[in-house]
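Visitor: For the protein sequence lines, the chains are A and B, in the order given.
Numbered by this note's numbering, the letters in the first sequence go through residues 1 to 419 in order.
Numbered by this note's numbering, the letters in the second sequence go through residues 1001 to 1419 in order.
By construction, the Cβ of each residue, glycine as well, lies at the ideal position given by its N, Cα and C atoms.
Protein chains: 2
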Amino acid sequence: MNKYRDLAPSLRTIMTPGPVEVDPRVLRAMSFPILGQFDPEFTHLMNETMEMLRQLFQTNNRRAYPIDGSSRSGIEALLTSLIEPGDRVLVPIYGRFGHLLVEISERCGAEVITMEREWGAVFEPADIIGRIRETGPSLVAMVHGETSTGCMQPLDGIGKACRELGALLVVDAVATVGGVEIKTDEWMLDAVIGGTQKCLSVPAGMAPITYNDRAESKLLKRKKIERGLRDPALSTAMDSTAIRSNYFDLSQLQDYWSPARLNHHTEATSMLYALREGVRLTLEEGLPERAARHKYHERALVAGIQAMGLSLYGDPSCKLPVVTCILIPEEVDGEEVRSMLLDDFGIEIASSFGPLKGQIWRIGTMGFSCSKKNVLHTLGALEATLLRYGCKVPAGEAVQAALEAYALTAVNGAVPAVN
Amino acid sequence: MNKYRDLAPSLRTIMTPGPVEVDPRVLRAMSFPILGQFDPEFTHLMNETMEMLRQLFQTNNRRAYPIDGSSRSGIEALLTSLIEPGDRVLVPIYGRFGHLLVEISERCGAEVITMEREWGAVFEPADIIGRIRETGPSLVAMVHGETSTGCMQPLDGIGKACRELGALLVVDAVATVGGVEIKTDEWMLDAVIGGTQKCLSVPAGMAPITYNDRAESKLLKRKKIERGLRDPALSTAMDSTAIRSNYFDLSQLQDYWSPARLNHHTEATSMLYALREGVRLTLEEGLPERAARHKYHERALVAGIQAMGLSLYGDPSCKLPVVTCILIPEEVDGEEVRSMLLDDFGIEIASSFGPLKGQIWRIGTMGFSCSKKNVLHTLGALEATLLRYGCKVPAGEAVQAALEAYALTAVNGAVPAVN
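1) Assuming A402 of chain A and A303 of chain A make a contact with CB atoms under 8 angstroms, what is their CB distance in whole Å?
2) May I ask you to verify whether the stretch 1257-1276 of chain B touches the stretch 1080-1094 of chain B, counting CB pairs closer than 8 angstroms and requiring at least 3?
3) Does the separation of the CB atoms of G1159 of chain B and M1115 of chain B fall below 8 angstroms?
4) Does F32 of chain A get closer than 8 angstroms to chain B when you measure Cβ to Cβ?
5) Less than 8 angstroms separating the beta-carbons of Q1359 of chain B and T266 of chain A?
6) Going by DSSP, what residue range makes up the alpha helix (DSSP H) through M1052 of chain B?
7) Apply the 10 Å Cβ neighbour rule to G136 of chain A and answer buried if 16 or more other Cβ atoms are within range, or exposed otherwise.
8) Rounded to a whole number of angstroms, what is the C-alpha to C-alpha distance between M1001 of chain B and F1368 of chain B?
9) Would you call K357 of chain A buried or exposed, if buried means 16 or more other Cβ atoms sit within 10 Å of its Cβ?
10) Check whether the Cβ of R1364 of chain B lies closer than 8 angstroms to any Cβ atom in chain A.
11) Is the beta carbon of N47 of chain A closer than 8 angstroms to that of N212 of chain A?
12) Is S371 of chain A close to chain B, meaning its C-beta is less than 8 angstroms from at least one C-beta of that chain?
13) Please classify T432 of chain A: does DSSP put it in a helix, a strand, or coil?
14) Going straight from the alpha carbon of V171 of chain A to that of V192 of chain A, what length do you get?
15) Please state whether DSSP places T210 of chain A in a helix, a strand or coil.
16) Assuming contact is defined by CB atoms lying nearer than 8 angstroms, are A1173 of chain B and P1017 of chain B in contact in what I supplied?
17) Note down, in chain order, every chain A residue with its Cβ under 7 angstroms from the Cβ of A1204 of chain B.
18) Please classify S1201 of chain B as buried or exposed, where buried requires at least 16 neighbouring CB atoms within 10 angstroms.
19) Quick one, which residues of the stretch 1069-1087 of chain B are near chain A if we go by CB-CB under 8 angstroms, in chain order?
20) Using a Cβ cut-off of 8 angstroms (strictly closer), state whether Y256 of chain A contacts chain B.
21) With a threshold of 8 angstroms between beta carbons, is L341 of chain A in contact with chain B?
22) Looking only at C-alpha atoms, which of B:A1268, B:E1284, B:V1393, B:T1059 sits nearest to E1186 of chain B?
23) Are the Cβ atoms of M271 of chain A and G205 of chain A separated by less than 8 angstroms?
24) Put I504 of chain A into one of helix, strand or coil per three-state DSSP.
25) Looking at the secondary structure, which residues open and close the alpha helix (DSSP H) in which V1026 of chain B lies?
26) How is the beta strand (DSSP E) around D172 of chain A delimited, first residue to last?
27) Flag T1016 of chain B as yes if its beta-carbon sits less than 8 angstroms from any beta-carbon of chain A, otherwise no.
28) Classify D68 of chain A as helix, strand or coil using the three-state DSSP reduction.
29) For I1360 of chain B, go through chain A and note every residue whose CB falls closer than 7 angstroms to its CB, in chain order.
30) Roughly how far, in whole angstroms, is the beta-carbon of R1299 of chain B from the beta-carbon of A1398 of chain B, given that I think they are within contact range, below 8 angstroms?
31) How is the alpha helix (DSSP H) around P288 of chain A delimited, first residue to last?
32) Grab me the residues of I1014 of chain B's own chain with a C-beta within less than 7 angstroms of its C-beta, minus the 5 sequence neighbours each way, in chain order.
33) Are S351 of chain A and G334 of chain A closer than 8 angstroms when you measure CB to CB?
34) Within the 8 angstroms Cβ cut-off, does M52 of chain A reach chain B?
35) On the premise that G130 of chain A lies in contact with R362 of chain A, defined as a C-beta separation below 8 angstroms, what is that separation, rounded to the nearest angstrom?
36) Residues of chain B with CB under 7 angstroms from Y273 of chain A, in chain order?
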């Protein structure tokens, strides 16, 4: 007898900064029978996905395709392919995911230079540009939207400076892509990593990336053809500049994602179906319209939170529109509140990491989870939970304030078509 | 207007050595709404999956969990975590995937020693053991089932010898797990990688692995806690023994897959649902019963191929039961035949790599694709296609021979419960 029961996951309202609820049309896409990886119908779907990713990243780059793995696999693929041991890398840090960029760069053998901003704030672009001038890195790696602190780093001018000073600019847009516009070409970003499980509302398990010819020329210098596919007479020795990973070797992966179709891994079919559908729906909604929808629900959520008398964490001038961080009131235990929200209301919100552990809650309004229904339910449930734990919040005001914010936007004619 | 149409992939009969048809119950599992990665319901599903993987690999190892990526991500995770730069690694090669083990080991900085057997044959275990004795590697990496040649390497005694001689034995069982029994503990394998998209009939995108305490003690010596999660006062320097990947660092991943739940990547929820369901169905069928089913359909397929007058490739004494390799008759172009099978009959079979390119076809009978219906359809369609291209095959005999093989087995009482 098999003791493992049929899968029957509870339905959740997922209001974390990812993973968030998956669009039902994406779930449906994953339930289709699969095609073989070299079936012309499948390679056509791969090509379509590349075209759509170029639109999503607002780029004319030839290279735009997913890495098979979670978002950090996309970060590691780019850094491991672009950083040679000994390369100098500059990482501006303003939250947890800046540290991850340092961690991965160090493992690639980089000489890493960091600059840090206190959590809850971001850098002046001029300060970053000054530091690039001072230190002369060959690569700058930075986070666009820091979900750990709910802050978003403006990128104006940094790409242009990198181009003038001979550095590559690699941007982690995992949290922002699909929720905030990413103007890869206009901002002169050399490489960008997006996330699936956040504003695209696709499950985790793939990481779309794009990179331009400047980045490609760097990684092509390090290219080796895979043993078993190349002429056996060629040397097999790995020199010190070779890319240290096979799985993340973009010089091989881009041949797989091109008409050459040089065999590499077996592409994750159902995840590709999911990504294609998620990006298709995003483009159908429209990138500016989708960004406007995220702002629309953020405003209502913030109005509700403030009506409860709770304080937002972080500098409001650099607030990430898709994540709202709230200082946990002193009277309550943040984890007890989160548990009650999950157990009684089926709503998941997040805590945070490192110096912010136990200090803040984080509420995501991302992709399919970013809806009026979800915002109103979350505010109502949070108020009820805080009242239950003896917190003095004014009963009934949070939801009214959010409804008011929605109504005001409607008067101004800025209601998104999808909500 | 969005020019990308709704997903509507054609239904295929997939008879390649992977990816193969996905069990509809697995497709259904992927269509369920997701849970958050730290939702107790989800961590319970992660724990159940670990339990089931231990049964699948026939092991009491504490460590049995998936890597989020294709099968080669599982291989790279084990090798990159277990090989320190300068370590001596022995790789016996008898097909393409042996070369992949060399490639990945070289990128890990190993001093790689190889021994090669001509394609279509395997090694005497005594020869491998002799070579381990001679060369004293710290790790031996080898392939259990080579899909490129349709051969299976017996592992008898190799694990025991590795244990006596102080080497770790890492086995790529990507093609065999779920179709052939893998006795991890009995065979004394230190680490094993399985594949999802072959005999488990789950889409590509995850790689289940297991490793024992011998392997764990090696990788724990190299452990670093991730920056942003560890005490900032601790040194951040990477020494030469540190694991060079963050994504594939098993010393961190095993903390994520344990009650500590130390945050690493975002687990690929829908792929985990798929893997859990695929392994659940495998255990429900029974491992010996499932292996018997694969042999049962292999016999019928081989009888049909031989009745057509076609020749099998490779030494029959080491034939991989889940892949049948056929010499392409001189009168036809192998790729034209494959295209007609796909375009007219909706059946996909495979070609091969390197020295076997254009020489053989490979037919997989794996997992959900391994059924009477599929074997009979494939034989009928292959015969019709060969006749169409002017090949002199005896009309009607292939399917009759397969039916006869099925009937004979039925008389002997060995018909599997599932077919």
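Guide: On the basis of the coordinates in this document:
1) 6 angstroms
2) no
3) no
4) yes
5) Not a contact, by the Cβ cut-off of 8 angstroms.
6) Start and end: 1040-1056.
7) By the 16-neighbour rule on beta-carbons within 10 angstroms, G136 of chain A is exposed.
8) Residue placement at M1001 of chain B is poorly supported in this model, since its pLDDT is 46, which falls under 50; the coordinates are not used for a value here.
9) exposed
10) At residue 1364 of chain B the sequence reads Gly, which differs from the Arg that was named. No - not a single Cβ of chain A is within 8 angstroms of the one on G1364 of chain B.
11) Going by C-beta atoms, N212 of chain A is not nearer than 8 angstroms to N47 of chain A.
12) By this cut-off, S371 of chain A is not an interface position.
13) What the structure shows of chain A is the stretch from 1 to 419, and residue 432 of chain A is not part of that stretch, so it cannot be assessed.
14) Just so you know, the alpha carbons of V171 of chain A and V192 of chain A end up roughly 5 angstroms apart.
15) Reduced to three states, the DSSP call for T210 of chain A is strand.
16) no
17) T266, E267, A268, T269
18) buried
19) G1069, S1070, S1071, R1072, S1073, E1076, T1080
20) no
21) no
22) B:T1059
23) yes
24) Limits of chain A in this structure are 1 at one end and 419 at the other, which puts residue 504 of chain A out of reach.
25) 1024-1030
26) 168-173
27) yes
28) strand
29) Going along chain A, no residue has its Cβ under 7 angstroms from I1360 of chain B, so there is no contact; the nearest lies around 16 angstroms.
30) With a Cβ gap of about 14 angstroms, R1299 of chain B and A1398 of chain B do not count as contacting.
31) Segment 287-307, the alpha helix (DSSP H) holding P288 of chain A.
32) V1020, E1021, E1348, S1369
33) yes
34) yes
35) With a Cβ gap of about 31 angstroms, R362 of chain A and G130 of chain A do not count as contacting.
36) L1007
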